[in-house]
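> Heads up: the sequence shown at position 55 corresponds to 56 in my numbering, and the numbers run straight through without jumps.
Below you'll find the structure I mean.
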Amino acid sequence: MSYERVKQYFEEHNIPNKIILLSESSATVELAAGALGREPGEIAKSLALKLKDGRVIILVVCGTARIDNRRYKDTFGCKARMLSPEETISATGHPVGGVCPFALPKGVKIYLDESLRRYAEVYPAAGAGNTAVRFTIEELEAATKGTWVRVTHDQAAPRQSSKAERM
């Protein structure tokens, strides 16, 4: 079970954060936010993506963020391509809804999006669709050894009015 692998990973890497087992599904941002009593932006969404050269990456973004195609292409040199559910479990060891930046196979690189920095704490999944774990941003960075990128725009952020709207 993927959750057990994450629990073992935490023990092996001296990560003291406790995995929260929920009685309900946390497989989507909305479900996780409701189950945890948190804002959707505080949910750390882990996206399994494939790069042009075939490498798989995990991109962790705040729950309300969406990939900005231009920023993504400028950063990774290709269009964002999500893995299918079958590819996801095969490449990460985690099922869709439980994908997280922990206990990943060698070679899967982790990227943390700047959208996460707006929150003091975030809640990524922990290997199953009914799990979560609370991390400060500093703890998440240390636990994942992720590389910081800026490849999203946040749907919940205040929208800038266009020049036409200001006239």
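From the three backbone atoms N, C-alpha and C, an ideal C-beta is built for every residue, glycine too.
By DSSP's criteria, tyrosine 120 is part of a beta bridge. Which residues make up the other side?
BP columns for tyrosine 120 are empty, so no partner.
> Just verifying my parser: in three-state terms, what is the DSSP assignment at glutamate 5?
Helix, per DSSP.
> Rounding to the nearest angstrom, what Cα-Cα distance links lysine 46 and alanine 143 in this structure?
Rounded to whole angstroms, lysine 46 to alanine 143 spans 17 Å at the Cα level.
> To the nearest angstrom, how far is the alpha carbon of alanine 34 from that of alanine 127?
Computed Cα separation, rounded: 15 Å.
> Taking a contact to mean a Cβ-Cβ separation below 9 Å, would you say leucine 32 touches glutamate 25 in this structure?
Going by C-beta atoms, leucine 32 is nearer than 9 Å to glutamate 25.
> Measure the alpha-carbon distance for leucine 22 versus aspartate 69 and round it to whole angstroms.
Approximately 32 Å, taken between the alpha carbons.
> Thinking just about the alpha-carbon of each residue, which of Gly55, Tyr73 and Ala133 is nearest to the one in tryptophan 149?
Ranking Gly55, Tyr73 and Ala133 by Cα distance to tryptophan 149 puts Tyr73 first.
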